[in-house]
Amino acid sequence: MTAAVLICAAPALWATYTWGSQLVALGSARRGRRVGRMAALTFDDGPDPRHTPAVLDILARERVSAAFFLIGARAEAEPHIARRISADGHDLGNHTWSHKSLWICSPAETRQEIGRGHHAIAAAAGRPPQFFRPPWGMTNLAMFGAVRHLDTPCVLWSVQPEGRRAVSAADLVRRAAQATRPGAILDLHDADGVPGAGARLTQALPALIDVLRGAGYTLVPLRDLL
Ligand SMILES: [Zn+2]
Numbered sequence: 000m001t002a003a004v005l006i007c008a009a010p011a012l013w014a015t016y017t018w019g020s021q022l023v024a025l026g027s028a029r030r031g032r033r034v035g036r037m038a039a040l041t042f043d044d045g046p047d048p049r050h051t052p053a054v055l056d057i058l059a060r061e062r063v064s065a066a067f068f069l070i071g072a073r074a075e076a077e078p079h080i081a082r083r084i085s086a087d088g089h090d091l092g093n094h095t096w097s098h099k100s101l102w103i104c105s106p107a108e109t110r111q112e113i114g115r116g117h118h119a120i121a122a123a124a125g126r127p128p129q130f131f132r133p134p135w136g137m138t139n140l141a142m143f144g145a146v147r148h149l150d151t152p153c154v155l156w157s158v159q160p161e162g163r164r165a166v167s168a169a170d171l172v173r174r175a176a177q178a179t180r181p182g183a184i185l186d187l188h189d190a191d192g193v194p195g196a197g198a199r200l201t202q203a204l205p206a207l208i209d210v211l212r213g214a215g216y217t218l219v220p221l222r223d224l225l
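In case it helps, numbering that gives the first Met the number 0 puts the sequence shown at residues 0 to 225.
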């Protein structure tokens with residue numbers, strides 16, 4: 000293949016690798032069963048020494064079992080928190096080693112980000128993660144083989160009250176309540192990607208649990224919802 004052909008083909012190959020994989024993910028990522036008024040809380044980007052212990056305290060008080068999608072490097076730095084998440088009975092998910100977008104990862108880097116994250120979380124928490132979630136939900140074609148190899152299904156979400164732009168704790172609760180449907184998987188953040196996300200979540204969480212229960216939802220572990 001000449002250089003000119005390669006240059007012309009590169010954008011198409013990249014689009015298939017990234018955007019094409021998003022279409023596959025839409026079809027294959029695990030979703031909640033739409034049976035009964037059940038929903039699952041999931042937390043990304045921790046463990047965070049400032050916010051995750053407070054989130055765990057709230058969940059224990061409210062008797063809610065949730066899922067934590069940990070960043071491998073953070074789990075390695077805060078193994079006592081990762082271990083507590085596991086000991087408290089929450090589901091564990093892998094959110095890659097360093098929270099790099101898979102859109103800019105080659106197949107080898109993808110396997111490295113997923114594999115290194117998985118093993119770091121397993122070592123820190125004392126048991127391996129059951130699920131995988133790519134940062135920002137951005138997938139690539141190499142991800143599917145890597146998660147199959149580790150037996151960690153890719154789980155995205157159906158409700159994300161705070162995305163890339165900060166929203167107040169009150170708005171976070173309101174948005175979650177409006178968007179939640181039977182089988183919802185709520186995507187929350189117990190650490191800062193967006194600045195202040197962990198603090199806003201900790202502030203919002205008790206009211207969020209109240210409002211969902213008030214609407215008749217039972218908050219179930221992710222493993223039970225899927
Ligand atoms: Zn994330």
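Each residue gets a CB set at the ideal place from its N, CA and C atoms; glycine is no exception. Note that the structure is a prediction, hence the values are computed from the model and not measured.
Can you give the Cα-Cα distance for residue i and residue j, rounded to whole angstroms?
i: Arg-83; j: Pro-160; result: 26 Å
i: Ala-124; j: Pro-48; result: 15 Å
i: Gly-116; j: Ile-57; result: 26 Å
i: Val-158; j: Ile-80; result: 26 Å
i: Met-37; j: Gly-144; result: 30 Å
i: Asp-44; j: Gly-71; result: 9 Å
i: Ala-66; j: Val-166; result: 22 Å
i: Ala-39; j: Ala-168; result: 19 Å
i: Pro-175; j: Leu-207; result: It is worth fixing the name first, because residue 175 is Ala in this sequence and not Pro. Near 7 Å, if we compare the C-alpha coordinates of Leu-207 and Ala-175.
i: Thr-15; j: Ile-103; result: 13 Å
i: His-118; j: Phe-68; result: 13 Å
i: Arg-163; j: Thr-95; result: 18 Å
i: Pro-152; j: His-89; result: 17 Å
i: Arg-173; j: Arg-180; result: 14 Å
i: Ala-203; j: Leu-12; result: 42 Å
i: His-98; j: Ser-20; result: 18 Å
i: Val-193; j: Ala-76; result: 20 Å
i: Arg-147; j: Glu-112; result: 14 Å
Tell me whether residue i is buried or exposed, calling it buried when 16 or more other Cβ atoms sit within 10 Å of its Cβ.
i: Gly-35; result: exposed
i: Pro-10; result: exposed
i: Ser-105; result: exposed
i: Pro-46; result: buried
i: Thr-201; result: buried
i: Leu-221; result: buried
i: Leu-55; result: buried
i: Asp-186; result: buried
i: Gly-197; result: buried
i: Gly-195; result: exposed
i: Gly-215; result: exposed
i: Leu-22; result: exposed
My output table needs one value for residue i: the three-state DSSP class, helix, strand or coil.
i: Leu-140; result: helix
i: Leu-224; result: helix
i: Ala-74; result: helix
i: Leu-171; result: helix
i: Val-210; result: helix
i: Thr-109; result: helix
i: Gly-54; result: The question names Gly, but residue 54 is Val in the sequence shown. In this structure, Val-54 counts as helix in the three-state DSSP scheme.
i: Leu-155; result: coil
i: His-89; result: coil
i: Pro-205; result: helix
i: Thr-95; result: coil
i: Ala-11; result: helix
i: Met-0; result: For Met-0, the predicted model reports a pLDDT of 49, less than 50, meaning its position is unreliable and no value from the coordinates is stated.
Starting from the Cα of residue i, find the closest Cα among the options and give me that residue.
i: Ala-24; options: Leu-101, Ala-53, Ala-176; result: Leu-101
i: Leu-149; options: Arg-62, Gly-114, Ala-76; result: Gly-114
i: His-188; options: Arg-126, Arg-132, Gly-19, Ser-20; result: Arg-132
i: Asp-191; options: His-50, Leu-22, Arg-33, Trp-13; result: His-50
i: Leu-224; options: Phe-130, Leu-55, Ala-107; result: Phe-130
i: Trp-156; options: Ala-196, Asn-139, Arg-212, Pro-134; result: Pro-134
i: Arg-73; options: Ala-122, Asp-87, Thr-109; result: Ala-122
i: Pro-78; options: Arg-126, Val-219, Gln-111, Glu-108; result: Arg-126
i: Val-219; options: Gln-111, Ala-178, Ser-64, Asn-93; result: Ser-64
i: Ile-120; options: Asn-93, Gly-136, Asn-139; result: Asn-93
i: Ala-107; options: Phe-42, Ala-76, Asn-139; result: Asn-139
i: Arg-199; options: Leu-91, Thr-17, Phe-42; result: Phe-42
i: Pro-205; options: Leu-171, Met-137, Gly-136; result: Leu-171
Assuming the contact rule is C-beta atoms closer than 8 Å, residue i and residue j should be a hit. Round their C-beta distance to whole Å, please.
i: Gly-182; j: Arg-60; result: Going by Cβ atoms, the distance from Gly-182 to Arg-60 rounds to 25 Å, so no, they are not a contact pair.
i: Thr-109; j: Ala-141; result: 4 Å
i: Leu-91; j: Pro-52; result: Rounded, the Cβ-Cβ distance is 16 Å, inconsistent with contact.
i: Ile-184; j: Val-154; result: 7 Å
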